[in-house]
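Scroll down for the structure; my scribbles are underneath it.
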Amino acid sequence: MDESLVERVLVAVELIPAGRVASYGDIAGLLGIGPRQVGAIMRHHGAGVPWWRVTSHAGDLPAPLLRRAADRWAEEGITVKPNGLGCRINQYRLDLVAWADAWDRAIAAQEKPGNPS
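Under the working numbering, the first residue of the sequence shown is numbered 64, with each subsequent residue one higher.
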């Protein structure tokens, strides 16, 4: 897998603020790739970033991940939907414009000449 793409996905996830979530599709849209690519990258490389802030388009997580994410969500003020499948993404989705601006700045800083990446 393209290491540059992996790094860009992980930077995008790191920029999701505590108490907010983004969908795989949100990340995919930011990077111009597909949500399944984001999912594959997160599955293989996402352990070191706040993976619990990345959900499906409906705010859901698979049951094994939701069990692991529940305590982190509670610490960040994210509540689980009554159906127990995830969070209300419309309530907790991050500000997409501010996030995209932060991502642009982070990537530009990484790409400056002389910056060790």
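No residue lacks a Cβ here, since even glycine has one placed at the ideal position from N, Cα and C. Note that the structure is predicted; figures quoted are calculated from it, not measured.
7 Å Cβ shell around residue i - same chain, five flanking residues per side excluded
i	result
A169	V74, L78
L159	D89
L93	A75, A163, W166
V112	L73, V76, E77
E174	none
Three-way DSSP call (helix, strand, coil) for residue i in this model
i	result
G111	helix
V143	coil
G102	helix
R151	coil
D65	coil
E70	helix
8 Å Cβ cutoff met for residue i and residue j
i	j	result
H120	G147	no
L129	R83	no
E139	A85	no
Cut-off 8 Å between Cβ atoms - residues of its own chain near residue i, not counting five sequence neighbours on either side
i	result
W136	W115, T142, V143, C150
I90	V72, A75, V76, P98, V101, V117
Y155	G82, R83, V84, G122, I141
I104	M64, L68, V69, V72, L73
In DSSP terms, what residue i is bridged to
i	result
A85	V117
R156	V84
D123	G149
Own chain, CB closer than 6 Å to residue i, minus 5 neighbours either side, in chain order
i	result
H108	V69
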